[in-house]
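Peer 1: Would you mind keeping the following structure in view while I ask a few things?
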Amino acid sequence: MTYLEILHWARKGIQAEQKQLRELQDKAIEKQSRKFMEDCQEHIDELDVYLVTLKELEQIHNR
């Protein structure tokens, strides 16, 4: 497995986790659970930072 493949799989895993969190967030909105919704959003935002980091690592690797 190459370095770029590892980055690709990491990205896919993070995106899958974000999808699950968004689904949980939608359920929290339906049940009017504001605290849980905010916790989900906070975690989604953290995962966005990881995605940006992976993209930067890929760009550095490609130089």
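Residue numbers (my numbering): 41 to 103.
For each residue, glycine too, the CB sits at the ideal point set by N, CA and C.
Note that the coordinates shown come from a computational prediction; the quantities given were computed from them, not determined experimentally.
Runs of 4 residues minimum, wholly inside the region 74-103: which ones carry the alpha helix (DSSP H) assignment?
Peer 2: Correct list: 74-102.
Peer 1: If you reduce the DSSP assignment to three classes, tell me which class K71 lands in.
Peer 2: In the structure shown, K71 sits in coil (DSSP, three-state: anything other than H, G, I, E or B).
Peer 1: With distances taken Cα to Cα, identify the nearest neighbour of Q60 among Q72, Q81 and E70.
Peer 2: It is Q81.
Peer 1: Nearest to V92 by CA position, among I54, T42, M41 and Y43, is which residue?
Peer 2: Looking at the Cα atoms, I54 is the closest of the given residues.
Peer 1: Here's the rule I'm using: 16 or more other beta-carbon atoms within 10 Å means buried, otherwise exposed. How should Q72 be labelled?
Peer 2: Exposed is the call here.
Peer 1: Just the Cα atoms here: how many angstroms apart are E70 and K95?
Peer 2: C-alpha separation (whole angstroms): 34 Å.
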